[in-house]
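Read through the structure below, which is laid out as structure tokens, and then see the notes.
In UniProt numbering, the protein residues as written are 1 to 309.
Take a look at the structure:
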């Protein structure tokens, strides 16, 4: 069953993983009894796999997706970007995915590598990528597209961003996977706004678990420009590691305990946010697994995303 068909029946539940750079990392993720095998026990509808930064590490991406496809426990979904890709290259790569039985993709412009001013390829925006894939492959792919409840950081306004999202729909997208958003008032506004703009695609909400101070701050500010609500800022402040959470050798004598306490508070925050999202009537929850199992399994179970019977 295609993911787009699942949304017609019920809310979906899924994970995102990333392609490790090392053989050790690949073994932990893809080896027997590894993270993927553990994630299958939670019965996700699909697992998506990112590229590396700037569209790198594509070979590892396919290796991860190959395992998901061959294991047959859920649907593999590849991220796919415009970065450095010619039209012929895109056709070749997508034909390779199809040959491997992978027919779901998240169509992205992609984050520009440091110092780049454009994609360095034939296509410049995700709107173009969606249109190109539909023209070349028809309905062979189920296509997800990114939605930014706070507006993409590179877009001139939220209204313009919504207009581009409508264009992705018109060009043939099947569903929306949102960027992380902790500002629930803004999310509700965005959801009303896209529906008002005639965007009827299912909305699958991307959730990054709050587990680590530095990672949380980095994800919010380095690429996404996300608002951090007062409650989340309080959690960070109450467990602040001195001199700062990015220091690999902090002088804070209580650093280990603060990290543990922050993770506990962050998990509770994440579970509560999932409750708020589900109350909005969204079509799915897409958890960033961060290539780990225990924490996301706890979040999935305690938030009621999976059946514990």
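Ideal Cβ placement from N, Cα and C applies to all residues, glycine included.
Practice task
Could you say if the stretch 197 to 213 and the stretch 151 to 158 meet the contact criterion of at least three C-beta pairs nearer than 8 Å?
Solution key: no
Problem - residue 172 versus residue 48 - alpha carbon distance - result: Rounded to whole angstroms, residue 172 to residue 48 spans 20 Å at the Cα level.
Handout entry: residue 24, buried or exposed, once every other Cβ within 10 Å from all chains shown has been counted against 16
Key = exposed
Practice task
On the DSSP bridge assignment, give the partners of residue 280 in chain order.
Solution key: Answer is none; residue 280 lacks a bridge partner.
Exercise for the section: Tell me whether the beta-carbon of residue 121 lies closer than 8 Å to the beta-carbon of residue 147. Expected result: No, the pair does not count as a contact, with Cβ atoms beyond the cut-off.
Problem - Inter-residue spacing [alpha-carbon to alpha-carbon] between residue 108 and residue 169 - result: When rounded, the distance between both Cα atoms is 13 Å.
Problem - residue 309 - DSSP class collapsed to helix/strand/coil - result: Note on residue 309: pLDDT 45, under 50, position unreliable in the model; the coordinate value appears next. DSSP places residue 309 in coil when its eight states are reduced to three.
Exercise for the section: Under 8 Å by Cβ, that's how I've got residue 14 and residue 174 pegged, so tell me the actual separation to the nearest angstrom. Expected result: Not a contact, Cβ separation roughly 14 Å.
Practice task
Could you check the C-alpha separation between residue 214 and residue 251 for me, to the nearest Å?
Solution key: 16 Å
Practice task
Would you mind working out which of 2, 59, 180, 235 sits nearest residue 285, comparing C-alpha positions?
Solution key: 180
Practice task
Would you kindly work out how many angstroms separate the C-alpha atoms of residue 309 and residue 302, rounded to a whole number?
Solution key: At residue 309 the pLDDT is 45, less than 50, meaning the model places this residue with poor confidence and gives no usable figure here.
Practice task
State the DSSP-derived secondary structure class of residue 9, mapped to helix, strand or coil.
Solution key: Residue state, collapsed to three classes: coil.
Problem - Coil, strand or helix - residue 189 by DSSP - result: helix
Problem - Nearest-angstrom Cβ-Cβ length linking residue 127 and residue 164, presumed shorter than 8 Å - result: 6 Å
Problem - Nonlocal neighbours in the same chain, by C-beta distance under 7 Å from residue 246, ignoring five residues either side - result: 214
Problem - Anticipated Cβ contact below 8 Å, residue 78 with residue 61, distance rounded - result: 6 Å
Problem - Pair within 8 Å by beta-carbon distance, residue 291 and residue 58 - result: no
Exercise for the section: Pull up the CB-CB distance for residue 51 and residue 22, whole angstroms please, since I reckon it's below 8 Å. Expected result: Not quite, the Cβ-Cβ distance comes to about 16 Å (not below 8 Å), so this is no contact.
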